[in-house]
Structure formats: structure tokens, C-alpha cells
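To convert, take the position in the sequence shown, counting from 1, and add 298; that gives my numbering. Encoded as C-alpha cells, the structure appears first; notes follow it.
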Amino acid sequence: MAYNKAREEKKWKEWKEQEEKRLRELGMDEASIQVLHEADWKDFNSDRRYQEHQTSLLEYMEILLAEKDVQEAEIQSVEELLEAIGDEQLLHILLEADRKTLQIIVLKMMGYTPKEISLRLGMPEQTVYTKIRRIKGKIKKFLKSE
Numbered sequence: 299m300a301y302n303k304a305r306e307e308k309k310w311k312e313w314k315e316q317e318e319k320r321l322r323e324l325g326m327d328e329a330s331i332q333v334l335h336e337a338d339w340k341d342f343n344s345d346r347r348y349q350e351h352q353t354s355l356l357e358y359m360e361i362l363l364a365e366k367d368v369q370e371a372e373i374q375s376v377e378e379l380l381e382a383i384g385d386e387q388l389l390h391i392l393l394e395a396d397r398k399t400l401q402i403i404v405l406k407m408m409g410y411t412p413k414e415i416s417l418r419l420g421m422p423e424q425t426v427y428t429k430i431r432r433i434k435g436k437i438k439k440f441l442k443s444e
């Protein structure tokens, strides 16, 4: 699910109002509350920028498969994934990836979570995350170069 800035900001403001109300009840002065508010707002914005720049592997694959009008649900194997890629450079990137990484991509596109993928492929969950991060980085470089 994509990051929704408005929803997250509303939740933050509601939380902050409750916190400030409680701090006033405890006798904290307004200047200190304002300093705390500004520091928390900077933290929120920092987290927001991080979340907004995180794009899921599925979103990248949607972009890459859009040109061939292939639905994610149609891809059930590594071979089908590779056949669906129309761009030669992208295909080269995926062909350079190891078989496990390609299996992870296919399983992710089928809706499996990283934990489910790790159990299914018999590898640590962190390895799944690492392989996703690495292939995402390669695809990002490819998209930027276009």
C-alpha cells in the first residue's frame, strides 16, 4: 500500500494534540511544548520523506510490464516473467540476476510476503529483503538512465 501523506499527517496531529494537552496538564511551559512540537515535526517530515521515496518492487514491475499490457496475476513462473519483459536492457538486468532473485520477484508478484517467500524458498527473511533491495536498485538505475 502506498504512503498516504494526508492520512499520516492527520494521525500525527491528533497524537500531538493529545500529547500537548497532557504536557499542559502536567505543568510544562508553552515554550518547551513549542520546542518539542518543532522537533517532533522535523522527525515526522524526515520519516515522511523516507516513506515517500520508498517504492515497492511491485510498483517497479508494474511500470516495466505496462508496455506489454501483462497482468501480474498472469505471471506464474520465471520464464513467463522473462518473456513478458519487452525492453532489452531490462531483460539483460534480470538475466544477470540469480535464479533465486527471479523466483522472489515472481512470488512477490503473486502476492506472497517476504516471510512467506523465505519459508517457501528455504532462506532467511533478511536475504529475501536484501535480494529485493538489490534488484530494485538495479531497476532504479535502469529507469533513471532512460
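For each residue, glycine too, the CB sits at the ideal point set by N, CA and C.
Residue state for Thr-428 is assigned as helix, using DSSP reduced to three classes. Segment contact: the segment 414-423 against the segment 397-405, three or more CB-CB distances shorter than 8 Å; contact assigned. CA-CA distance, Phe-440 to Lys-429, rounds to 17 Å. Thr-399 places its beta carbon 8 Å or farther from that of Ile-437. Distance from the Cα of Glu-377 is smallest, within the candidate group Lys-319, Gln-401, Tyr-427, for Gln-401. Around the beta carbon of Ala-337, fewer than 16 other beta carbons sit within 10 angstroms, so the residue counts as exposed. Counting C-beta atoms within 10 angstroms of its own C-beta, Val-426 has 16 or more neighbours from the protein chains shown and is therefore classed as buried. In terms of Cβ geometry, Glu-318 and Ile-331 form a close pair [threshold 8 Å]. Of the candidates Lys-340, Asp-327, Ser-443, the residue whose Cα lies closest to the Cα of Gln-387 is Ser-443. Excluding residues up to 5 positions away in sequence, Val-376 lie with their Cβ nearer than 8 Å to the Cβ of Arg-397 in the same chain.
Taking C-alpha positions only, Leu-393 is separated from Leu-379 by approximately 11 Å. Shown here, Ala-337 sits in a helix according to DSSP, grouped into three states.
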